[in-house]
Amino acid sequence: MYVPYQTLPETSRVWVYQSNRKFKEKEIEKINKMTTDFVEQWTRHGENVRGSFTILYDQFLIIAVDQDFVEVSGCSIDASVKLVQQIQVQLKVDMLNKLAIAYKESDEIKVVPMSDFTHLAKSGIVNADTIVFNNMVNSIKGVNTMWEVPAKQSWHARFFN
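Structure follows, in structure tokens:
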């Protein structure tokens, strides 16, 4: 069952999917429809899942589930990944590359392969104070407090040691 994202508790589990590029306005409309339709019928072993989603910076899809209502497991998580795969195909974007790192350069979000980020760190183009997106967060509270942070406050700190 779909509920507005802001009504979910901070303990809700999240999955962050970053796109290799910003979504266009029509693409956001399509993602909103596809994801709302998915969450409306999302179940775990026949039980409705209480969930939602948000799109941040026109580039990150965050899917959330109230685990206090129903805990999701393998098959229901797999179903959400299939949704993201469908979005990828229809919009011709890459949203499942876990080796891509997103960071801010001025007000622009850049997404680069991890190997390129390593090079950028060694050359000083990015540093420990560069704002990065920690897509490893797993709760709404994490999105609110630990997702968009200086690299030194995230797992990205290892690139600067």
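Heads up: the sequence shown is residues -17 to 143, going by this note's numbering. By construction, the Cβ of each residue, glycine as well, lies at the ideal position given by its N, Cα and C atoms.
Residue i beta carbon near the ligand NAD (any heavy atom closer than 7 Å)
{"i": "residue 61", "result": "This structure lacks the ligand NAD, and indeed carries no ligand of any kind."}
Between the CA atoms of residue j and residue i - distance to the nearest angstrom
{"i": "residue 141", "j": "residue 40", "result": "27 Å"}
{"i": "residue 133", "j": "residue 112", "result": "6 Å"}
{"i": "residue 90", "j": "residue 38", "result": "13 Å"}
{"i": "residue 10", "j": "residue 18", "result": "12 Å"}
{"i": "residue 130", "j": "residue 116", "result": "6 Å"}
{"i": "residue 21", "j": "residue 138", "result": "32 Å"}
{"i": "residue 51", "j": "residue 8", "result": "33 Å"}
{"i": "residue 28", "j": "residue 64", "result": "18 Å"}
{"i": "residue 4", "j": "residue 23", "result": "27 Å"}
{"i": "residue 33", "j": "residue 25", "result": "10 Å"}
{"i": "residue 135", "j": "residue 107", "result": "18 Å"}
{"i": "residue 123", "j": "residue -11", "result": "13 Å"}
{"i": "residue 126", "j": "residue 54", "result": "22 Å"}
{"i": "residue 6", "j": "residue 101", "result": "30 Å"}
{"i": "residue 16", "j": "residue 71", "result": "13 Å"}
{"i": "residue 80", "j": "residue 86", "result": "18 Å"}
{"i": "residue 60", "j": "residue 105", "result": "39 Å"}
CB of residue i within 8 Å of CB of residue j, strictly
{"i": "residue 2", "j": "residue 98", "result": "no"}
{"i": "residue 82", "j": "residue 95", "result": "yes"}
{"i": "residue 84", "j": "residue 119", "result": "no"}
{"i": "residue 78", "j": "residue 93", "result": "no"}
{"i": "residue 30", "j": "residue -17", "result": "yes"}
{"i": "residue -3", "j": "residue 88", "result": "no"}
Selected residue, minimal CA-CA separation from residue i, among the options
{"i": "residue 143", "options": "103, 92, -10 and 37", "result": "103"}
{"i": "residue 12", "options": "100, 69, 128 and 121", "result": "69"}
{"i": "residue 46", "options": "16, -14, 6 and 72", "result": "-14"}
{"i": "residue 121", "options": "35, 60 and 58", "result": "35"}
Neighbourhood of residue i by C-beta, 8 Å cutoff - its chain only, sequence neighbours within 5 removed
{"i": "residue 49", "result": "-7, -6 and -5"}
{"i": "residue -9", "result": "48, 50 and 122"}
{"i": "residue 128", "result": "116, 119, 135 and 136"}
Same chain, Cβ closer than 6 Å to residue i, neighbours up to 5 away in sequence not counted
{"i": "residue 43", "result": "-1 and 37"}
{"i": "residue 73", "result": "9"}
Any chance you could list the alpha helix (DSSP H) runs of at least 4 consecutive residues sitting entirely within the stretch 81 to 138, in chain order?
For the stretch 81 to 138, the full-length alpha helix (DSSP H) segments reaching 4 residues or more read 96 to 104 and 122 to 128 along the chain.
Which runs of the beta strand (DSSP E) at least 3 residues long sit entirely within the stretch 1 to 88? Give them in chain order.
Here the runs fully enclosed are 33 to 38, 42 to 47 and 82 to 87.
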